[in-house]
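First up is the structure itself, then whatever we jot down about it.
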Amino acid sequence: MKWAPRGFGGERRPPEHIKREGWQAQRVLVIEADDERLTWPERELVRQLGEKLYGQKPGRQESRHE
Numbered sequence: 030m031k032w033a034p035r036g037f038g039g040e041r042r043p044p045e046h047i048k049r050e051g052w053q054a055q056r057v058l059v060i061e062a063d064d065e066r067l068t069w070p071e072r073e074l075v076r077q078l079g080e081k082l083y084g085q086k087p088g089r090q091e092s093r094h095e
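In my numbering, the protein residues as written are 30 to 95.
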């Protein structure tokens with residue numbers, strides 16, 4: 030089927046483009062925890078923030094005691 034309702038056809042935008050627009054328009058930041066563009070301390074900070082706000086990844090055990 031080649032017909033699609035208006036607004037449902039065409040090309041999908043790349044995820045990085047959507048992330049950039051989200052940040053620029055609404056200050057919503059989407060970061061992959063293992064993004065290679067980040068240094069190790071930056072990736073660790075992202076991981077810690079994610080765990081603080083949303084909990085640990087299922088199946089992951091905390092090895093440090095706080």
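Each residue gets a CB set at the ideal place from its N, CA and C atoms; glycine is no exception.
Only a predicted model underlies this, so the values are computations on that prediction, with no experimental measurement involved.
Own chain, CB closer than 6 Å to residue i, minus 5 neighbours either side, in chain order
i, result
"A62", "V75 and R76"
"L58", "W52"
Span of the alpha helix (DSSP H) around residue i
i, result
"I47", "P44 to Q55"
"W69", "W69 to Y83"
Spatial distance of residue i from residue j (CA atoms)
i, j, result
"P34", "R49", "27 Å"
"R42", "R66", "21 Å"
Within 8 Å, strictly: CB atoms of residue i and residue j
i, j, result
"D64", "R56", "no"
Cβ shell of residue i (< 8 Å), same chain only, five flanking positions each side left out
i, result
"G88", "none"
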